[in-house]
Amino acid sequence: MNPWGRPPFRHYTHDLPHLGGKEIKRLLALTDTGWRWVSSRGRPIDLHPVESRDNHYQYRAVLKCGSNRMVSITPTATQFNGLRWWFVCPHCQRRQGKLYWSDEDIGCRKCFRLHYASQSEGKMDRMREMIRKRRADIWGDAPYINDLFESSCWFPKPKGMRQTTFQTKRKQLLRLESAYWGICSDFVSKITGKKISSGDDIGKHLLNT
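So that you can map any letter, position 123 of the sequence shown is 404 in the working numbering, and since no number is skipped, the others follow by simple counting.
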């Protein structure tokens, strides 16, 4: 199933509304009158109960364009003799925690070929986040940890942290910062067309100590 045709770019989970755990609870208590839900972006879906037997519930989903899809809810046993309920994707027939819908169809993330936003974060974005997390692990919420233009080699040792622990953590952090600035240098070089060296990283001299 590919509702996007041949898209020139990726589509993400936030591009479509979804039915999740809260909606499952509502559907399990649904009466014969059915339920109409309109998403925050004005995309409607109507769900009408069709069958209910042996812990298997089936609903007819009516989309904006008028197309119909059969959507099922089925349980699996939990560790403490309870039940966890799942949607069954009408396309791949696999159990899913969420189903997404468009104006014409409803299905799981994989069948809609949706991506999580984090899957498209660039390497630089991920490395920036890693640097901030490692800095926070050492210096907590100190205001200077978010300044990535400043090398952490100048940051003071936190009170109460052992010197050996501090040196080990800072060395790992400086190695990551050095790699990050190397990627930044390559990125800027591609934009400007000029070769920019990353050898001026002020924390680089500590990496081999």
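Glycine is no exception: its CB is placed at the ideal position from the N, C-alpha and C atoms.
Keep in mind it's a predicted model, so treat the numbers as computed, not measured.
Between the beta-carbon of Y293 and that of H372 there is about 19 Å, and that puts the pair past the 8 Å contact cut. Residue pairing for F368: DSSP places it in a beta bridge opposite I354, Q377.
With a cutoff of 8 Å on beta-carbon distance, W382 and L454 are scored as not near each other. Remark: C-beta atoms of I419 and K452 do not approach each other more closely than 8 Å.
Shortest Cα-Cα distance from C389 to any of M405, G403, K404, V369 involves V369. When secondary structure is reduced to three states using DSSP, N362 falls in the coil class, being assigned neither helix nor strand. In the three-state reduction of the DSSP assignment, E385 falls in the coil class.
A distance of 8 Å or more separates the beta carbons of M405 and A460. For R413, there is no enclosing beta strand (DSSP E); the residue is part of the alpha helix (DSSP H) that begins and ends at 404 to 420.
Here DSSP, grouped into helix, strand and coil, assigns L457 to helix. Cβ-Cβ distances below 7 Å link F436 to W420, Y425 in the same chain, with the five nearest sequence neighbours on each side left out; the list follows chain order.
In this structure, I326 is the residue among I354, A358, I326, Q360 with its C-alpha nearest to the C-alpha of S348.
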